[in-house]
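So in my numbering, spot 166 of the sequence shown is number 224, and the numbers just go up one at a time.
Positions of the beta carbon are idealized from the N, C-alpha and C atoms, including for glycine.
Down below is the structure, laid out as structure tokens.
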Amino acid sequence: MTSSSPPTRRVVEIVELLTQRRDASTRLSDIVKELDLNQATAYAIMKELVDAGWVTRDPDTKAFAIGGALVGLIRQIDQSALSLNAAAQAATADTGYATSVSERVGNQLIIVAFATGANGPDDQWDPSVGDRLPFAAPFGPAFAAWEPDDERRAWIRRSGVNSPAFHTQLEQFLDDTLGQGFSVERLSPEMVSALPVMTKLQSEALSDSMRHNLDQVLVEMASGPKPTAAGRQRHYVGSITAPVFNSGGRVTHNIGVHPFADLSARKIEQIGHRLRRLADAITAQAS
Numbered sequence: 059m060t061s062s063s064p065p066t067r068r069v070v071e072i073v074e075l076l077t078q079r080r081d082a083s084t085r086l087s088d089i090v091k092e093l094d095l096n097q098a099t100a101y102a103i104m105k106e107l108v109d110a111g112w113v114t115r116d117p118d119t120k121a122f123a124i125g126g127a128l129v130g131l132i133r134q135i136d137q138s139a140l141s142l143n144a145a146a147q148a149a150t151a152d153t154g155y156a157t158s159v160s161e162r163v164g165n166q167l168i169i170v171a172f173a174t175g176a177n178g179p180d181d182q183w184d185p186s187v188g189d190r191l192p193f194a195a196p197f198g199p200a201f202a203a204w205e206p207d208d209e210r211r212a213w214i215r216r217s218g219v220n221s222p223a224f225h226t227q228l229e230q231f232l233d234d235t236l237g238q239g240f241s242v243e244r245l246s247p248e249m250v251s252a253l254p255v256m257t258k259l260q261s262e263a264l265s266d267s268m269r270h271n272l273d274q275v276l277v278e279m280a281s282g283p284k285p286t287a288a289g290r291q292r293h294y295v296g297s298i299t300a301p302v303f304n305s306g307g308r309v310t311h312n313i314g315v316h317p318f319a320d321l322s323a324r325k326i327e328q329i330g331h332r333l334r335r336l337a338d339a340i341t342a343q344a345s
């Protein structure tokens, strides 16, 4: 993460100071002295915070305190975290498989909730809340599928793979994900570990035939089985993931079940639709 700008840092320090001194009277002079700020700068920042409702100012004592808007925002975040954790637990109870909830922050995906399953090889993958992955193909298709075309292409380019076949496959995969309302991914924990190496080999391949063979491997790793496929054929599934939207229609979180096992097309579709209903319920709470 890049370093914050000085004005942003000052805002954070002021909010932290008011939180620490919540039981004491804090006037502008106290803020200037405690944080070694210029009085004009401190005044301008406090005016913005008061206008935003993050801070209140008592007209009689001229003391500042944390405002209702900031308190409400914190409560909303706390409630959201509780809902996401409950959703992960519910999905695991329903399917028996481990479930993760991830949040997109810029071009990173952060695990914000995780529930261990009774089924599936959990010893292969033991993530912790706070673990990160790059928001770059093939990670996060249930985020990328609902993005505008230019954002989709940027997601694919961030993979670092210069292969028309790979790009075409991923574009189709995103269309399939958008159409069915959830993603179905083949990636196993071993594949996730191997992807950076495969991508580097592909970009440095010395011959067209070597690059072609690596392209085929990457396409296979990045593609997903079609849940509507006919017959009794079983498919290896690393994850089935549904999007959670905010009130503006943007995907903010993904909730994913991780079987790491061969599943029938019918089973894949059942889990996908259950996850989508669960994700839609979280979306409705946030709206």
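Query: Which of helix, strand or coil DSSP assigns to A139; Result: helix
Query: Residue of D189, Y155, G239 minimising C-alpha distance to V309; Result: G239
Query: For A123, the three-state DSSP class (helix, strand or coil); Result: strand
Query: Inter-residue spacing [alpha-carbon to alpha-carbon] between I326 and V242; Result: 8 Å
Query: Coil, strand or helix - S160 by DSSP; Result: strand
Query: Backbone secondary structure at A348 - three-state DSSP; Result: Nothing about residue 348 can be read from this structure; the chain reaches only from 59 to 345.
Query: Classification of A146 by the beta-carbon crowding that lies within 10 angstroms, buried from 16 upward; Result: buried
Query: With 16 other Cβ atoms within 10 Å as the buried cut-off, status of V187; Result: exposed
Query: Coil, strand or helix - F303 by DSSP; Result: strand
Query: Status (buried if at least 16 other CB within 10 Å, exposed otherwise) for L76; Result: buried
Query: Identity of the residue in D208, N220, E161, F224 nearest G198 by Cα; Result: E161
Query: Backbone secondary structure at S87 - three-state DSSP; Result: helix
Query: L321 versus H293: straight-line alpha-carbon distance, rounded; Result: 5 Å
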